[in-house]
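What follows is a single structure, written as C-alpha cells, with notes after it.
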Amino acid sequence: MEQFKYKNGVLHCEGVNVGDIAREAGTPVYVYSKATLLAKYKAVADAFSGIDTTVCFSVKSCSSLGVLNVLRGAGCSFDVVSGGELFRVVKAGGDPARVVYAGVGKTDAEIKYALEQGIMMFNVESEAELSNINRIAGKMGKVAPVALRLNPDVDPKTHRHTTTGKLENKFGLDFGMAGHIVDDLPRYPNVVLRGLHLHIGSPVNATAPYGEAIDKALAFLKAHPKADATVEYLNTGGGFGLLYNEEDVPAFSAYANEIVPRVKKAGKKLILEPGRSIVGNAAVMLARVQYRKFNGVKTFVIVDAGMNDLIRPAFYDSYHRVWPTSDKDTGKDTTTALIQTDVVGPICESSDCFAKDRPLPNVDRGDVLAFFSAGAYGYTMSSTYNSRPRVAEVLVDGEKWRVIRKRETWDDLVAHETI
Ligand code: LLP
C-alpha cells in the first residue's frame, strides 16, 4: 500500500497523518487515498492498452460517490449489479452509456430504469431474464443491448463464497442453454446481442483460469457463427488479485498476457470489471482501542469497530493486516515484545474477530489501529447490525482530506421506522 506509509513511526495516507483524521473525523473511519485509486486505474488501463478495452470499475466493491467520482474523472466506466448502483453512478456524474449491468435477479423496475438511462449492455444470466428484458424493451419501444453471461465451469480456486464460474453456482448460462438462445435470436426482437460475459470468481490469484474460460467462450462463438457476427465485446469480468498478506498475486500485465492475445485474435473488443484490485489497497479502516483484557489464556484488544463495519474476516476468514497507526504515541517499541493478541469488536458474536493470535505491540485504550486493505468490500458490506450507525468515509488528496460520507447518527438508525 504505497500511499499508506509510516513516517517517523506515524502512519500517513499520502501527506496526511491518519491520527489527525481519527481525532477530527472520529473512529471507526475508512480513509481512502485518491492517488492510489488513480494509480491503480491507470495501471489496469495501461496493462490492457494493447486492445480496445473498457475498464468498468465494479461498483459493488466500493460504491461511495466520492470514490466513483474520482474514477469517473480518470475516464473509468462502471459495472453495476442493481438499480441502486446505477443510480449511484449517475449521481457521481458517470455516463450510463458506459455501464454494464450484471446480476441474476434484475427486477422489472431495475430493467426499466436501466433502459431509460441507456446503459451500454445488460449481462444476461438466464433465458427467463432475456425474455423479460425483451418484453420490457418492447413495451418501451427500445432495443436492449445485451451480453450473455456464460458459466464457463472453470475452477478459479478461490473461497467457496466467491467462486462464480462453476456449474454448481447460480451465475450465468450453461453453454447448452446459451446455444439454444443464440440459435433462436429472432425470438427476442427487442434485444441485440453485443457481447459475451464471463466472471469466474474473486480473487483469482492465477491467470490460467481466465485463458481457460476465454477459450471456452471463443469455441462457443466458433460453433455459433451468427452470434459471432453480432458479438463485438468479450467481457472477462473482474477477479484480479490483491496483496492482503503474503499471497502470490499476478501483476496486471500477467493477466493481460493471458487475456489480450486471445481476445485480439478473435477480433473482439474487451471489457473488464475490476473492483478489488483497484480499490482494495486504496483504503484503511481506523478503529480506536476501547479496552484490553487478559483472561489467563488469551489477550484481547477490543476496538470500536465491529464485524458490521468490516465483515470480511468474519465472513470469509480473510486476512487484514492490523497495526497501530502510531508507534510513537503508544510509546511502545513495536519491533520487540510483540504479544499474541485477538483483535475483536463489540458485537455480541464470537465471529466478531478481526485477527486471531496476531503478534501486536502492547496497545491499550485510546490507541488507534489501522486495518489495511479495507477498500474493497469493506464499507459496501457494512451494516447497522447491533444498531450501530454506519461509519464515516474520508478521501485524502495529497496534504488535504475531506469527509465524503458523514457518520450516521442514532436518529438515522430509526429514520424510516414507525412505532
Ligand atoms: N464482475 C462480476 C460479475 C462480479 O460478480 C464481481 C464480484 C466483479 C466483477 C468484481 O470482482 P473483483 O474485481 O472485485 O474481484 N465480498 C467478497 C467478494 C465478492 C465478489 C463478488 N463479485 C469479498 O469481500 O472478498
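Following this note's numbering, the numbering of the sequence shown begins with 52 at its first residue and continues without gaps. We treat Cβ as the ideally placed atom computed from N, Cα and C, and that holds for glycine.
Candidates Gly117, Val141, Leu201 and Asp146: closest to Gly154 by CA position:
Residue 154 sits at position 103 when you count from the first residue of the sequence shown. Sorting Gly117, Val141, Leu201 and Asp146 by C-alpha distance to the C-alpha of Gly154 places Leu201 at the top.
N-terminal and C-terminal residue of the beta strand (DSSP E) that Ile322 is part of
Taking the sequence shown and counting its residues from 1, the one referred to as residue 322 is at position 271. Counting along the chain, the beta strand (DSSP E) containing Ile322 begins and ends at Lys320 to Leu323.
DSSP state of Met171 mapped onto helix, strand, coil:
Here residue 171 corresponds to residue number 120 of the sequence shown, with the count starting at 1. DSSP, read as helix, strand or coil, puts Met171 in coil.
Please report the distance separating the alpha-carbon of Ile187 from that of Ile162.
Position 136 of the sequence shown, counting from 1, holds the residue named residue 187. Position 111 of the sequence shown, counting from 1, holds the residue named residue 162. Ile187 and Ile162: Cα-Cα distance of roughly 8 Å.
Determine the closest residue to Asp448 out of Val121, Phe222 and Gly292, with distance taken between C-alpha atoms.
For this step, residue 448 is matched to residue 397 along the sequence shown. Per the Cα distances, Val121.
Please return the same chain residues whose Cβ sits closer than 6 Å to the Cβ of Gly66, not counting the five positions on each side in sequence.
Taking the sequence shown and counting its residues from 1, the one referred to as residue 66 is at position 15. Once the five neighbours on either side are set aside, the close Cβ partners of Gly66 are Gly449 and Glu450.
Considering only DSSP beta bridges, list what Glu444 is partnered with.
Looking up residue 444 in the sequence shown gives position 393. Checking the DSSP bridge columns, you'll see Glu444 partnered with Tyr81 and Arg456.
Is any non-hydrogen atom of ligand 1 found closer than 7 Å to the C-beta of Met432, if you look at the structure I gave you?
Residue 432 sits at position 381 when you count from the first residue of the sequence shown. Answer for Met432: yes, Cβ within range of ligand 1.
Measuring only the C-alpha atoms, how far is Asn437 from Asp462?
Walking along the sequence shown from the start, residue 437 turns up at place 386. Walking along the sequence shown from the start, residue 462 turns up at place 411. The alpha-carbon atoms of Asn437 and Asp462 are separated by roughly 15 Å.
Is it buried or exposed for Ala259, if we count other Cβ within 10 angstroms and need 16 for buried?
Working through the sequence shown from its first residue, we reach residue 259 at position 208. Of the residues assessed, Ala259 falls on the exposed side of the cut-off, its CB having fewer than 16 other CB atoms within 10 angstroms.
Buried or exposed: where does Ser115 fall if 16 or more other Cβ atoms within 10 Å of its Cβ makes it buried?
Walking along the sequence shown from the start, residue 115 turns up at place 64. With 16 or more Cβ atoms within 10 Å of its Cβ, Ser115 is classed as buried.
Alpha carbon to alpha carbon, what distance is there between Pro412 and Glu53?
For this step, residue 53 is matched to residue 2 along the sequence shown. For this step, residue 412 is matched to residue 361 along the sequence shown. In a straight line, the C-alpha of Glu53 is about 23 Å away from that of Pro412.
Okay, do the stretch 336-352 and the stretch 303-315 touch, 3+ Cβ pairs below 8 Å being the bar?
No: the two stretches stay apart, fewer than three of their Cβ pairs being nearer than 8 Å.
Proximity winner among Asp408, Arg372, Lys349 and Gln341, relative to Gly396 (alpha-carbon distances)
By one-based count along the sequence shown, residue 396 stands at place 345. Gln341 is the residue among Asp408, Arg372, Lys349 and Gln341 whose C-alpha sits nearest the C-alpha of Gly396.
For Val282, does the three-state DSSP call read helix, strand or coil?
What you label residue 282 is simply residue 231 of the sequence shown in a count that begins at 1. It is coil, neither helix nor strand.
Should Pro237 go down as buried or exposed, given a rule of 16 or more other Cβ atoms within 10 Å for buried?
One-based indexing of the sequence shown puts residue 237 at position 186. Around the beta carbon of Pro237, fewer than 16 other beta carbons lie within 10 angstroms, which makes this residue exposed.
Going by DSSP, what residues sit across from Tyr342 in a beta bridge?
To locate residue 342, count along the sequence shown from 1; it is residue 291. Ile353.
Under a three-way DSSP split, which group does Thr431 fall into?
As a working note, residue 431 is residue 380 in the sequence shown. Reduced to three states, the DSSP call for Thr431 is helix.
In angstroms, rounded to a whole number, what distance separates the CA positions of Leu247 and His467?
For the purposes of this step, residue 247 is identified with residue 196 of the sequence shown, where counting begins at 1. For the purposes of this step, residue 467 is identified with residue 416 of the sequence shown, where counting begins at 1. In this model, Leu247 and His467 are separated by some 41 Å (Cα to Cα).
Where does Val242 land, buried or exposed, given buried means 16+ other C-beta within 10 angstroms?
Taking the sequence shown and counting its residues from 1, the one referred to as residue 242 is at position 191. Counting the other Cβ atoms within 10 Å of the Cβ of Val242 gives 16 or more, which makes it buried.
If contact is defined by three or more beta carbon pairs under 8 Å, each pair taking one atom from either stretch, is the stretch 274-282 in contact with the stretch 175-182?
Segments in contact, no.
How many angstroms separate the CA atom of Phe271 from the CA atom of Ile470?
Locating residue 271 in the sequence shown gives position 220, counting from the first residue. Locating residue 470 in the sequence shown gives position 419, counting from the first residue. Those two C-alpha atoms are separated by around 56 Å.
Taking 7 Å as the limit between beta carbons, can you name the residues of its chain near Arg139, skipping five residues before and five after?
If you number the sequence shown from 1, residue 139 lands on position 88. Excluding positions up to five away in sequence, the list reads Val110, Ser114, Leu116 and Leu119.
N- and C-terminal bounds of the beta strand (DSSP E) containing Arg210
Residue numbering aside, residue 210 sits at position 159 when the sequence shown is read from its first letter. Position check: residue 210 holds His in this sequence, whereas Arg was assumed. For His210, there is no enclosing beta strand (DSSP E), as DSSP marks it with neither H nor E.
Please indicate yes or no: does the CB of Gly126 lie closer than 7 Å to some heavy atom of ligand 1?
Here residue 126 is taken as the residue at index 75 of the sequence shown, counted from 1. Gly126: no, Cβ never under 7 Å from ligand 1.
Beta carbon of Val2, beta carbon of Thr105: below 8 Å?
The shown model of the chain, from 52 to 470, leaves out residue 2, and the question about it has no answer.
Give the straight-line distance between the Cα atoms of Arg456 and Val82, rounded to the nearest whole angstrom.
Within the sequence shown, residue 456 is the residue found at index 405, counting from 1. Within the sequence shown, residue 82 is the residue found at index 31, counting from 1. Looking at the two C-alpha atoms, the distance is approximately 11 Å.
Measuring from the CB of Phe291, is there a heavy atom of ligand 1 at a distance below 7 Å?
In the sequence shown, residue 291 corresponds to position 240, counting from 1. Phe291 has its CB nearer than 7 Å to a heavy atom of ligand 1.
Residue range of the unbroken alpha helix (DSSP H) whose run includes Ile102
As a working mapping, residue 102 is identified with position 51 in the sequence shown. Element bounds for Ile102: n/a, residue is neither H nor E.
Could you check the C-alpha separation between Ala333 and Ser253 for me, to the nearest Å?
On the sequence shown, residue 333 is found 282 positions in, with the first residue counted as 1. On the sequence shown, residue 253 is found 202 positions in, with the first residue counted as 1. Each residue's Cα considered, the two are about 17 Å apart.
Kindly list the residues whose CB is nearer than 7 Å to the CB of Met171, restricted to its own chain and excluding five residues on each side of it in sequence; keep chain order.
Here residue 171 is taken as the residue at index 120 of the sequence shown, counted from 1. Around Met171: Ala148, Arg149, Val150, Val151 and Pro196.
Collapsed DSSP secondary structure at Thr287 in the structure displayed:
Along the sequence shown, one-based indexing puts residue 287 at 236. In this structure, Thr287 counts as coil in the three-state DSSP scheme.
Burial state of Ala388 (16 or more Cβ within 10 Å):
Your numbering for residue 388 matches position 337 in the sequence shown. Its Cβ having fewer than 16 others within 10 Å, Ala388 is exposed.
Can you tell me whether Pro325 sits near ligand 1, meaning its C-beta is under 7 Å from at least one heavy atom of the ligand?
Within the sequence shown, numbered from 1, the residue matching residue 325 stands at position 274. True, at least one ligand heavy atom lies under 7 Å from that Cβ.
Of the residues Phe226, Lys320 and Arg327, which one's Cα is nearest the Cα of Leu285?
The sequence position of residue 285 within the sequence shown is 234, counting from 1. Measuring C-alpha to C-alpha distances from Leu285 to each of Phe226, Lys320 and Arg327 identifies Lys320 as the nearest.
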